[in-house]
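Chemist:
Numbering (our numbering), first residue to last: 1 to 484.
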């Protein structure tokens with residue numbers, strides 16, 4: 001869409017080929033890009049390619065050769081109302097107002113909530129919002145702006161103090177509007193700097209694939225607000241975790257204009273996004289020499305940050321029983337020991353070798369986020385991995401596969417520009433490389449993955465299909481302290 005918008009604004013006709021159930025999304029994406037009347041045609045999800053092209057090639061050529069009309073030359077973005085007061089009435093009336101729905105036809109054919117995620121909320125009264133705003137020194141009318149220089153979508157350079165535009169409709173918002181959504185989510189004033197830092201990300205929801213939104217907090221803030229970093233930290237029960245996670249989704253709806261079935265088209269959706277997911281790392285249980293997320297991303301150990309992630313993939317758990325893991329490490333017994341060839345040899349043993357062969361099989365290539373309990377991190381430390389970087393280097397090297405296998409993956413056609421580009425490490429054109437050339441399925445470099453250590457005592461490791469460097473080169477870590 002950015003390139004189409006550039007051509008359209010220059011007076012050059014374009015035609016976007018979409019799918020019939022995505023017309024509303026295309027219209028809103030075009031409006032957000034400032035070219036509200038672009039030309040588009042539907043392709044089929046099921047008709048074979050050559051036959052499908054025959055159906056739309058002639059109208060497409062006609063559209064491309066026909067000058068833009070005055071209507072199509074119009075530019076501009078949608079500017080929603082900036083009124084502070086949304087509703088006046090009793091609390092019971094407000095509860096009913098906020099729970100209203102709209103019917104979204106195909107592809108949903110179901111009622112979708114207008115202002116909420118479908119669950120009841122705390123009504124954001126003037127008094128409650130004023131109390132929430134005590135959690136920050138920023139003025140209510142201040143626009144949400146970036147607090148540091150960074151790289152945005154499509155490698156766009158973002159300067160400090162640039163205004164944040166919330167996805168997908170590229171709206172702007174004030175500190176007060178973020179505070180309103182924090183109230184609705186059930187946050188406390190001490191949570192507001194976290195929610196404001198999350199707002200700095202623009203709260204993306206993704207488009208048509210398996211999108212998950214989740215956040216990991218690092219630094220003193222984890223203890224300050226009482227995040228659970230131990231058993232069940234990704235599950236229910238912790239008020240701070242649940243409220244902060246939910247604030248993300250409410251901001252996506254109310255500040256970004258995200259609507260399921262219109263501009264939020266994540267196929268069958270994800271349970272992770274029901275109230276979203278917020279958790280913290282357990283810095284106290286990091287092995288010696290292993291840095292927390294704050295230090296890894298250029299902050300100090302005493303600074304509080306939040307990593308805001310949009311993952312295009314699933315959550316996978318290491319496939320071994322806790323008892324099996326302990327048998328491996330204690331005495332070298334059980335199925336894991338047999339598979340790794342260390343039966344009868346006491347640990348420590350490299351449990352990564354148990355899971356690595358399967359991580360990229362049948363799943364998307366690219367980086368991973370490994371969430372592991374502290375005991376498993378210490379086992380790696382005792383094996384000689386003195387930093388997270390050494391672990392990630394080991395994992396990355398294990399991801400290499402022959403080009404003949406790499407070509408069979410789904411996303412690589414996009415990431416290689418249809419195989420017309422150059423392979424990054426060799427600098428040679430993809431089409432000139434031999435079948436046995438080794439390619440890393442784990443992404444371009446080890447630092448596309450990351451490790452988060454938690455405080456649970458029951459041995460497990462999650463592998464989240466997500467690269468911390470972002471598919472579009474985005475930087476995912478934001479300062480919480482900047483919003484205090």
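Quick reminder that beta carbons are idealized off the backbone N, C-alpha and C, glycines included. Quick caveat, the model's predicted, so the values are computed rather than measured.
Sorted by chain position, which residues of the same chain lie with C-beta nearer than 6 Å to residue 150's C-beta, five sequence neighbours on each side aside?
Modeler: Position 150 of the chain shown holds residue 150. Excluding residues within five positions, the ones whose Cβ falls inside 6 Å are 158, 475.
Chemist: On the DSSP letters alone, give me the boundaries of the alpha helix (DSSP H) that residue 265 sits inside.
Modeler: The residue given as residue 265 occupies position 265 in the chain shown. Premise fails: residue 265 is in no alpha helix (DSSP H) and is neither H nor E.
Chemist: For residue 400, which three-state DSSP category applies?
Modeler: As a working note, residue 400 is residue 400 in the chain shown. In the structure shown, residue 400 sits in a strand (DSSP, three-state: E or B).
Chemist: Grouping DSSP H, G and I as helix and E and B as strand, with all else coil, what is residue 41?
Modeler: One-based indexing of the chain shown puts residue 41 at position 41. It is a strand residue.
Chemist: Could I get the ranges of all uninterrupted beta strand (DSSP E) runs contained in the region 31-115, with 3 residues as the minimum, in chain order?
Modeler: Listed in chain order, they are 39-43, 101-104, 110-113.
Chemist: According to the Cβ coordinates, are residue 292 and residue 301 closer than 8 Å?
Modeler: Mapped onto the chain shown, residue 292 falls at position 292. Mapped onto the chain shown, residue 301 falls at position 301. Yes.
Chemist: For residue 464, report the span of its alpha helix (DSSP H) as first-last.
Modeler: Along the chain shown, one-based indexing puts residue 464 at 464. Segment 461-465 is the beta strand (DSSP E) holding residue 464; no alpha helix (DSSP H) there.
Chemist: Nearest-angstrom Cα distance between residue 485 and residue 484?
Modeler: Any property of residue 485 remains undetermined from this structure, which presents the chain solely from 1 to 484.
Chemist: Once DSSP output is grouped into helix, strand and coil, what is the label at residue 161?
Modeler: Translated into the one-based positions of the chain shown, residue 161 becomes position 161. Residue state, collapsed to three classes: coil.
Chemist: Can you look up residue 336 in the DSSP assignment and give me helix, strand or coil?
Modeler: Here residue 336 refers to the residue found at position 336 of the chain shown. The answer is helix: DSSP assigns residue 336 an H, G or I state.
Chemist: Taking the beta strand (DSSP E) that residue 18 falls in, what are its first and last residues?
Modeler: Here residue 18 corresponds to residue number 18 of the chain shown, with the count starting at 1. Segment 15-19, the beta strand (DSSP E) holding residue 18.
Chemist: Mind checking which residues open and close the alpha helix (DSSP H) that includes residue 283?
Modeler: Counted from its first residue, the chain shown places residue 283 at position 283. Looking at the DSSP string, residue 283 is not in any alpha helix (DSSP H), and its letter there is neither H nor E.
Chemist: Residue range of the alpha helix (DSSP H) that residue 440 falls in?
Modeler: Here residue 440 is taken as the residue at index 440 of the chain shown, counted from 1. Run containing residue 440: none in the alpha helix (DSSP H); it sits in the beta strand (DSSP E), 438-440.
Chemist: Taking C-alpha atoms, which residue in 63, 164, 7 lies nearest to residue 75?
Modeler: For the purposes of this step, residue 75 is taken as residue 75 along the chain shown, with counting starting at 1. Checking every option, the nearest Cα to that of residue 75 belongs to 7.
Chemist: By Cβ distance below 6 Å, which residues in the same chain neighbour residue 386 in space, the five residues on each side in sequence not counted?
Modeler: Here residue 386 corresponds to residue number 386 of the chain shown, with the count starting at 1. Only 289 meet the Cβ criterion.
Chemist: When the Cα of residue 211 is compared with those of 230, 107, 272, 352, which residue comes out closest?
Modeler: Walking along the chain shown from the start, residue 211 turns up at place 211. Minimum Cα distance to residue 211 is reached at 272.
Chemist: Residue 176 to residue 141, Cα distance in whole Å?
Modeler: Looking up residue 176 in the chain shown gives position 176. Looking up residue 141 in the chain shown gives position 141. Distance between the alpha carbons of residue 176 and residue 141 is about 6 Å.
Chemist: Under the rule that 16 or more other beta-carbon atoms within 10 Å means buried, what is residue 479, buried or exposed?
Modeler: Position 479 of the chain shown, counting from 1, holds the residue named residue 479. It is buried - the Cβ of residue 479 has at least 16 other Cβ atoms within 10 Å.
Chemist: If I'm right that residue 40 touches residue 21 with Cβ under 8 Å, what's the distance once you round it to whole angstroms?
Modeler: Numbered from its first residue, the chain shown carries residue 40 at position 40. Numbered from its first residue, the chain shown carries residue 21 at position 21. The pair is not a contact, with the Cβ atoms about 13 Å apart (cut-off 8 Å).
Chemist: Expressed to the nearest angstrom, what Euclidean distance is found between the alpha-carbon atoms of residue 308 and residue 4?
Modeler: Start at 1 with the first residue of the chain shown, and residue 308 comes out as number 308. Start at 1 with the first residue of the chain shown, and residue 4 comes out as number 4. Approximately 28 Å between the Cα atoms of the pair.
Chemist: Closest to residue 440 by CA distance: which of 469, 416, 422, 406 is it?
Modeler: Within the chain shown, residue 440 is the residue found at index 440, counting from 1. Considering only alpha carbons, the answer is 406.
Chemist: Can you list, in chain order, the residues of its chain whose CB lies under 7 Å from that of residue 334, leaving out five sequence neighbours each side?
Modeler: What you label residue 334 is simply residue 334 of the chain shown in a count that begins at 1. 324, 327, 328.
Chemist: Expressed to the nearest angstrom, what Euclidean distance is found between the alpha-carbon atoms of residue 139 and residue 372?
Modeler: Here the question's residue 139 lines up with position 139 in the chain shown. Here the question's residue 372 lines up with position 372 in the chain shown. For residue 139 and residue 372, the distance between alpha carbons rounds to 39 Å.
Chemist: Is the region 125-137 in contact with the region 187-204, if contact means three or more CB pairs nearer than 8 Å?
Modeler: Yes, since at least three Cβ pairs between the region 125-137 and the region 187-204 fall closer than 8 Å, the two stretches touch.
Chemist: What is the C-beta distance between residue 206 and residue 310, in whole angstroms, given that I count them as a contact (C-beta under 8 Å)?
Modeler: Counting from one through the chain shown, the residue named residue 206 turns up at place 206. Counting from one through the chain shown, the residue named residue 310 turns up at place 310. Confirmed, Cβ separation roughly 6 Å.
Chemist: Given that a residue counts as buried once 16 or more other Cβ atoms are within 10 Å of its Cβ, and exposed if not, what is residue 320?
Modeler: If you number the chain shown from 1, residue 320 lands on position 320. So residue 320 ends up on the buried side.
Chemist: With DSSP collapsed to three states, give me the class of residue 146.
Modeler: Along the chain shown, one-based indexing puts residue 146 at 146. Here residue 146 sits in coil by DSSP.
Chemist: Taking a contact to mean a Cβ-Cβ separation below 8 Å, would you say residue 462 touches residue 254 in this structure?
Modeler: For the purposes of this step, residue 462 is taken as the residue at position 462 of the chain shown. For the purposes of this step, residue 254 is taken as the residue at position 254 of the chain shown. No, they are not a contact pair.
Chemist: Rounded to whole angstroms, what is the Cα-Cα separation between residue 31 and residue 66?
Modeler: Within the chain shown, numbered from 1, the residue matching residue 31 stands at position 31. Within the chain shown, numbered from 1, the residue matching residue 66 stands at position 66. For residue 31 and residue 66, the distance between alpha carbons rounds to 21 Å.
Chemist: I'd like to confirm the pairing. Which residues does DSSP put opposite residue 475 in its beta bridges?
Modeler: Translated into positions along the chain shown, residue 475 becomes position 475. According to DSSP, which records beta bridges pairwise, residue 475 is partnered with nothing at all.
Chemist: Buried or exposed: residue 166, going by 16 or more other Cβ atoms within 10 Å of its Cβ?
Modeler: Position 166 of the chain shown, counting from 1, holds the residue named residue 166. Under this definition residue 166 is a buried residue.
Chemist: I want to know whether the region 428-435 touches the region 352-368 - three or more CB-CB distances under 8 Å.
Modeler: Counting Cβ pairs under 8 Å, fewer than three are found: no touch.
Chemist: Sort 55, 59, 455 by Cα distance to residue 15 and report the nearest one.
Modeler: Stepping through the chain shown from its first residue, residue 15 is reached at position 15. Comparing Cα-Cα distances from residue 15 to each of 55, 59, 455, the minimum goes to 59.
Chemist: Using three-state DSSP, classify residue 560 as helix, strand or coil.
Modeler: Nothing can be reported for residue 560, as the shown portion of the chain is limited to 1 through 484.
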